[in-house]
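Protein chains in written order, with the working numbering: chain A, 1 to 341; chain B, 1001 to 1266.
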């Protein structure tokens, strides 16, 4: 569809929120607690954080929850009865305030969940999300969206993209999809006619730091490099990077048993954990942290582009901000580009 | 820190140690761990007030241990951790040399862990005023209020286990929470699963936690989980006369005395 550019006045944003709420919409928006900003089911506009460069957690939790029940089971005399989840119970959601680097991540995550097996639970959740992206007018040293094909005003993945015209200005709203249009129609008075607008001048300046095609090519011959060991010595092997990442999709399936009844749940998992690849025999093909760190980079910059034609990294910089020991993915990608094989 | 750089160079040059663990400048005004294996890398060593990561977490790591004898730039919390780890037979004089950094940021050399212990015992573990205030507040809450506080605080936890990874005392090669047959602690990040994980961790650390705040500092969501271990530290003081890591330590939670004042244990 044609992009419909509209004007949304700064004071109208709250009205938009309220109208959507009156229409029983569930809105997930960035909320700050303990100094960390993350997406929560938000009841009131006043709770929404502003001024964040990037939220601490990505928004992937909405379509790919950290813990998701797949089925309930119970054992009885006749055997076993199993009841799957009812997809109709999954709510329609508006995702408010996500950055373009998260919005593009939705597609990358979707490509993993549809690579071979079509994950109907993920697809159902994802189809019920309407994305209100907010362009970036600020960035920090961890941001590198432009190095992986994105940009601070990228429309990809958003249903409506809002770009603020200056620090305290009104918004340009780009209505990008039919889903976005359907929501805009509920509050049609809010979306006013826009004469002219050049959103580019309001966007953050995010310089390109490396060439992602070059990195992908180089990784083909980089598997045995000593660089992996040098980079990962300080890595403690936690899952912070994977869990804040908008595109990390690894999960573990566990049974939560209570006597004869229980649930099968899908939980986030991380290739950084030492036991992630432990075989039943006890053998671990990735028995050192350098092999696990290599997997993280290879998966995002070599295996995903090769198999799915998308990168597994949106340049949001969250993993670097969240890492307790300053594993900075941008710094390490630049050094991979610079090192001679 | 000129003294530290000089010492590190000397240790590597003379092959007294294979690796010196210290801090270097990181990104975004953060500092981070540096592993010096070549003399020229020693020039990157720094020390200032930002250097709070507990480097003792590295000395039980396979990748670092495999290098051979280590030296470590150790602040007071790091030295305490080392003494506790030594009492648990995780390090000894043959594989670790401690380069102490005093609270006044002076380098102090130790011939062995006994000297480190003597140094450490000059200082008591004190909970800082801000956290003490918070603990008092929790103490004054009713039980349902306190329950709500913890359910709310722990709700965001997504079980990345950065707290466990950053803690020098969490060195088990396989943690209870990673067992699923049988499953002791729910793997899932849910209200109950999060609560069980953090309570188990706090209890496992009682009488071992040296109050370095590494768990809290590592938490990407800034959940105040260190309040749990601090509370256990205060309880240990009240009921067992306090805790100070010691080479021949009386392990607080795993020592039984026939004259224990509680009779349920007899």
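Cβ coordinates follow ideal geometry from the N, Cα and C atoms, glycine included.
Beta-carbon separation (whole angstroms), residue i vs residue j, contact threshold 8 Å
i: residue 83 of chain A; j: residue 70 of chain A; result: Actually they do not touch by this definition, with Cβ atoms about 11 Å apart.
i: residue 1101 of chain B; j: residue 1071 of chain B; result: 12 Å between Cβ atoms; not a contact.
i: residue 1127 of chain B; j: residue 1211 of chain B; result: 7 Å
i: residue 1230 of chain B; j: residue 1135 of chain B; result: 6 Å
i: residue 38 of chain A; j: residue 1156 of chain B; result: 7 Å
i: residue 322 of chain A; j: residue 241 of chain A; result: 6 Å
i: residue 1168 of chain B; j: residue 1056 of chain B; result: 4 Å
i: residue 187 of chain A; j: residue 19 of chain A; result: 4 Å
i: residue 101 of chain A; j: residue 315 of chain A; result: 6 Å
i: residue 280 of chain A; j: residue 286 of chain A; result: Between residue 286 of chain A and residue 280 of chain A the Cβ distance is about 16 Å, and since that is not below 8 Å, they are no contact.
i: residue 401 of chain A; j: residue 303 of chain A; result: Because chain A here runs from 1 to 341, residue 401 of chain A falls outside it and cannot be looked at.
Neighbour-count burial assignment, residue i, 16 or more Cβ in a 10 Å radius
i: residue 153 of chain A; result: buried
i: residue 116 of chain A; result: exposed
i: residue 1172 of chain B; result: exposed
i: residue 97 of chain A; result: buried
i: residue 1016 of chain B; result: exposed
i: residue 339 of chain A; result: exposed
i: residue 1124 of chain B; result: exposed
i: residue 1077 of chain B; result: buried
i: residue 1147 of chain B; result: exposed
i: residue 1092 of chain B; result: exposed
i: residue 1253 of chain B; result: exposed
i: residue 1002 of chain B; result: exposed
i: residue 290 of chain A; result: buried
i: residue 1006 of chain B; result: exposed
i: residue 34 of chain A; result: exposed
i: residue 1251 of chain B; result: exposed
i: residue 256 of chain A; result: buried
i: residue 1053 of chain B; result: buried
i: residue 94 of chain A; result: buried
i: residue 206 of chain A; result: buried
i: residue 166 of chain A; result: exposed
Under the three-state DSSP convention, the category residue i falls into
i: residue 52 of chain A; result: coil
i: residue 125 of chain A; result: helix
i: residue 1146 of chain B; result: helix
i: residue 1020 of chain B; result: strand
i: residue 1025 of chain B; result: strand
i: residue 1155 of chain B; result: coil
i: residue 1093 of chain B; result: coil
i: residue 105 of chain A; result: helix
i: residue 1167 of chain B; result: coil
i: residue 222 of chain A; result: coil
i: residue 258 of chain A; result: strand
i: residue 1071 of chain B; result: strand
i: residue 1035 of chain B; result: strand
i: residue 191 of chain A; result: coil
i: residue 180 of chain A; result: helix
i: residue 1183 of chain B; result: strand
i: residue 274 of chain A; result: coil
i: residue 228 of chain A; result: helix
i: residue 94 of chain A; result: strand
i: residue 1120 of chain B; result: helix
i: residue 1082 of chain B; result: helix
i: residue 334 of chain A; result: helix
i: residue 1046 of chain B; result: strand
i: residue 115 of chain A; result: coil
Beta bridge counterpart(s) of residue i as assigned by DSSP
i: residue 30 of chain A; result: A/39
i: residue 1107 of chain B; result: B/1101
i: residue 268 of chain A; result: A/251
i: residue 80 of chain A; result: A/75
i: residue 8 of chain A; result: A/171
i: residue 164 of chain A; result: A/171
i: residue 69 of chain A; result: A/265
i: residue 1014 of chain B; result: None; residue 1014 of chain B has no bridge partner.
i: residue 131 of chain A; result: A/95
Proximity test, Cβ basis, 8 Å: residue i and chain D
i: residue 107 of chain A; result: Within the model displayed, chain D is absent; protein chains A and B are what it includes.
### Message
Any contact between the segment 1118-1125 of chain B and the segment 1234-1252 of chain B? By contact I mean 3 or more CB pairs, one from each, below 8 Å.
### Response
yes
### Message
Counting beta carbon pairs with one atom in the segment 52-64 of chain A and one in the segment 103-111 of chain A, are three or more of them shorter than 8 Å?
### Response
yes
### Query
Does the pairing of the segment 36-45 of chain A with the segment 205-223 of chain A give three or more beta-carbon distances under 8 Å?
no
### Message
Does the segment 258-267 of chain A come into contact with the segment 71-80 of chain A, if we say contact requires no fewer than three beta-carbon pairs (one atom in each stretch) closer than 8 Å?
### Response
yes
### Task
Please confirm if the segment 1201-1221 of chain B is in contact with the segment 1160-1167 of chain B, defined as three or more CB-CB distances below 8 Å between the two stretches.
Touching, yes.
#### Entry: Contact the segment 1217-1232 of chain B vs the segment 317-335 of chain A: 3+ CB pairs below 8 Å
yes
### Query
Do the segment 177-185 of chain A and the segment 116-125 of chain A make contact, defined as three or more Cβ pairs closer than 8 Å?
no
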